[in-house]
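Let me begin by presenting the structure, written as structure tokens, before commenting on it.
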Amino acid sequence: MANNIFFNSLPSHDRKTAKRLVSPAFIGIWVVVLFPLLYALYVSVHDWILSQGGIGPFNFSNYPDVLKDPLLINSAKNTVLLTASVVVLEICVGFGLALLLHNKQIKLRNVYLFILLIPMLMPPITVGLIWRLLLHPDLGIINYMLSLVGLPQPTWLASPVLAFFTIIIVDVWHETAFIILVLLAGLTSLPDEIFEVAMIDGANAWQKFLYITVPLMTPTILVATIIRMISALKTYDLVYILTRGGPGISTETISYYIYKVFFVALDIGKSSAMAFILLIVIILMTLVLMRVMNRVEQ
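The sequence shown maps to residues 41 to 338 in this note's numbering.
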């Protein structure tokens with residue numbers, strides 16, 4: 041609709057030129073995104089185990105079989121717990137740090153912001169390798185520092201609970217900077233006049249935060265939540281580098297399980313069905329949050 045309004049507002053000659061300029065982008069999107077997506081949908085309703093030859097007959101049972109797979113159910117539980125944990129922690133920590141950096145009385149706040157952004161600039165693979173070295177039971181600096189103060193040195197990635205906790209902490213360390221940037225931009229856009237009027241009316245800092253900052257920032261917080269939720273539901277890199285889904289299957293996420301089914305078991309049909317189920321779940325959750333955001337804005 042927005043595109044039609046834009047094109048209709050142009051003169052006839054410019055409209056044709058604009059469509060010609062935009063058409064390569066649409067063709068590129070079709071080739072790069074839509075065609076593989078449709079092909080994956082086609083594959084997901086066929087039997088295709090790569091080690092047994094080419095694509096087999098039509099078989100819609102991939103979808104009900106996947107939904108009954110206990111390993112997928114386990115990875116789904118892990119993914120939901122991981123997503124909920126990292127999103128809540130990152131929003132809380134990121135909002136707190138954004139509020140501090142928004143305070144103009146803090147000196148060198150741009151320097152602090154740059155330091156906080158450094159983890160976000162690193163690829164997830166690099167982050168995983170760095171933390172794997174830091175957490176090494178014998179050579180890692182974290183266990184060495186714990187030994188200096190007489191505390192026990194755990195094997196961080198060998199315990200199911202500690203390994204899951206470690207992935208959460210590493211993800212928060214890596215991704216919180218994004219939340220800080222989004223929320224800091226939102227705080228900067230808030231009108232100063234509202235806070236000045238509240239101060240004249242005798243509102244203290246807590247009241248201004250609770251009754252002005254939070255309501256005005258809620259749409260921005262929801263946008264950040266949607267983006268991070270989508271990313272967290274697809275978590276693969278950190279799990280692959282840090283734990284490979286272990287110990288056992290205690291840290292296996294949906295994306296990592298799809299990787300195992302595709303590249304290890306070579307079951308193309310089943311893994312494609314899993315990927316589409318994950319896509320549908322992400323779309324539905326995004327629509328729910330967007331609906332909530334629209335109600336908040338109204």
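Think of the CB as a built atom: it goes at the ideal place given N, C-alpha and C, for glycine as much as any other residue. Note that this is a predicted model, so its numbers are computed, not measured.
_Alpha carbon of Trp213 to alpha carbon of Ile89, nearest angstrom_ = 39 Å
*With Thr291 and Val304 assumed to form a contact (beta carbons below 8 Å), what rounded beta-carbon distance in angstroms separates them?*
About 17 Å separates the beta carbons of Thr291 and Val304, which is beyond the 8 Å limit, so they are not a contact pair.
_Range of the contiguous alpha helix (DSSP H) that encloses Leu329_ = Start and end: Ile308 to Glu337.
*Counting only runs of 4+ residues fully inside the stretch 77-161, write out the alpha helix (DSSP H) ranges in chain order.*
102-107, 110-142 and 149-161
*Could you check what DSSP says for Arg284 in three-state terms: helix, strand or coil?*
When secondary structure is reduced to three states using DSSP, Arg284 falls in the coil class, being assigned neither helix nor strand.
*Please report the Cβ distance between Glu215 and Arg268, rounded to the nearest whole angstrom; I am assuming they are in contact, meaning their Cβ atoms lie under 8 Å.*
Here Glu215 really is in contact with Arg268; their C-beta atoms are around 7 Å apart, less than 8 Å.
*Count the other CB atoms, across all protein chains shown, that sit within 10 Å of the CB of Val167; report buried if there are 16 or more and exposed otherwise.*
Here Val167 is buried: its Cβ has 16 or more other Cβ atoms, across all protein chains shown, within 10 Å.
*Look at the Cβ atom of Val301, then the Cβ atom of Ser311, and state whether they are nearer than 8 Å.*
yes
*Is there contact between the stretch 250-258 and the stretch 227-241, where contact requires at least three CB pairs shorter than 8 Å?*
yes
*asked:* Our contact map puts Pro177 next to Pro287 with C-beta atoms below 8 Å; I'd like the distance itself, whole angstroms only.
replied: By a beta-carbon distance limit of 8 Å, Pro177 does not contact Pro287. Their separation comes to about 14 Å.
*Quick one: what does DSSP say His339 is sitting in, helix, strand or coil?*
In the structure displayed, the chain extends from 41 to 338; residue 339 sits before or after that span and is not available.
_For Gly309 and Gly180, what's the separation of their Cα atoms in angstroms?_
41 Å
*Closest residue to Leu273 among Gly68, Leu169 and Thr123 (Cα-Cα distance)*: Thr123
_Just to confirm before moving on: does the CB-CB distance between Ile289 and Leu121 stay below 8 Å?_
no
*Using CA coordinates, which residue listed in Ser125, Ile113, Ser101 and Ser295 is at the minimum distance from Ile209?*
Ser125
_Taking only three categories from DSSP, how would you classify Glu365?_
Beyond the ends of the chain as shown, which are 41 and 338, falls residue 365; an answer cannot be given.
*Taking Pro255 as part of the alpha helix (DSSP H), name the residues at either end of that continuous run.*
Val254 to Leu273
*Counting pairs of beta carbons, one from the stretch 145-158 and one from the stretch 215-224, are three or more of them closer than 8 Å?*
yes
*Mapping DSSP to helix, strand and coil, what is Thr291?*
For Thr291, the three-state secondary structure derived from DSSP is coil.
*asked:* Three or more C-beta pairs under 8 Å: does that hold for the stretch 66-86 against the stretch 98-106?
replied: yes
*Would you kindly report the start and end of the unbroken alpha helix (DSSP H) that includes Lys248?*
Ala245 to Lys248
*Rounded to whole angstroms, what's the CA-CA distance from Gly93 to Leu306? Just pull it up for me.*
Their Cα atoms are separated by approximately 11 Å.
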